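Trainee: Residue numbers (the working numbering): 341 to 454. Beta carbons: idealized from backbone N, C-alpha and C, even for Gly. These figures come from a predicted structure and were not determined experimentally.
Following this line, the structure appears as structure tokens:
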């Protein structure tokens, strides 16, 4: 995949991939799943309980997150355990969600009309 063009700007492919990831993160349910996994690994049942989602729905979200490379899974006997092992993904989730949970800069995007 081409990384950059000309003067160092990202290529169209890189920008499209980044936009796709942003679209994937536009789901509150997926952000909640990522937030939970940023704080420790879990199986789909534990995640469904934590985020308050139905098992099939959480499983579908995990599949999309896995295909995007944001989470990975491993089998432990009959269980499939999901984990975020990329510190950049953990940082991104904390950047997106953290300030809003700490009562800090929560209204930034809302103040911009987003």
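So, residue 369 versus residue 393, is the Cβ gap smaller than 7 Å?
Mentor: Yes, the pair counts as a contact, with Cβ atoms nearer than the cut-off.
Trainee: Residue 347 by DSSP, collapsed to three states: which one?
Mentor: coil
Trainee: Buried or exposed: residue 382, going by 16 or more other Cβ atoms within 10 Å of its Cβ?
Mentor: buried
Trainee: Going by C-alpha to C-alpha distance, which of 385, 407, 408 sits closest to residue 397?
Mentor: 385
Trainee: Output the boundary residues of the beta strand (DSSP E) element that contains residue 414.
Mentor: 412-416
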